[in-house]
Amino acid sequence: MGEELEAVVGYLFVVDGRAISAPPPGALVELPPRRAPRSRTADTFFVLVTMAGEEKAPGNIYEYLAQVAADAYFATS
């Protein structure tokens, strides 16, 4: 059988040269929900949503997109 791994996640969020003591918007680490498909019950989902180029969006857009990605991941088998 495979070995069990444990993930340790840390954030370094820098804005205008200063470190901010909060996770960046769009960064999400999600454990499976109670009703996840059997094939996903041992999974952990990691995602970081960022915009490409010069475009910027409010932080809640990044958080929403990260949550949509996690929900879609755990809804599939």
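Heads up, my numbering is the position in the sequence shown plus 129, with the first residue counted as 1. Ideal Cβ placement from N, Cα and C applies to all residues, glycine included.
Local conformation of residue i per DSSP, three classes
{"i": "Leu125", "result": "The chain is shown only over 130 to 206; residue 125 falls outside these bounds and no answer can be derived."}
{"i": "Arg147", "result": "strand"}
Alpha-carbon spacing of residue i relative to residue j, whole angstroms
{"i": "Gly139", "j": "Val178", "result": "16 Å"}
{"i": "Val176", "j": "Val158", "result": "7 Å"}
{"i": "Arg169", "j": "Ser206", "result": "7 Å"}
Beta strand (DSSP E) segment containing residue i, residue limits
{"i": "Glu159", "result": "Ala156 to Glu159"}
{"i": "Val197", "result": "Element bounds for Val197: not the beta strand (DSSP E) but the alpha helix (DSSP H), Gly188 to Ala204."}
Proximity of residue i and residue j at Cβ, strictly below 7 Å
{"i": "Pro154", "j": "Tyr202", "result": "no"}
{"i": "Asp172", "j": "Pro162", "result": "no"}
Buried/exposed call for residue i, threshold 16 Cβ in 10 Å
{"i": "Ala195", "result": "buried"}
{"i": "Ala136", "result": "exposed"}
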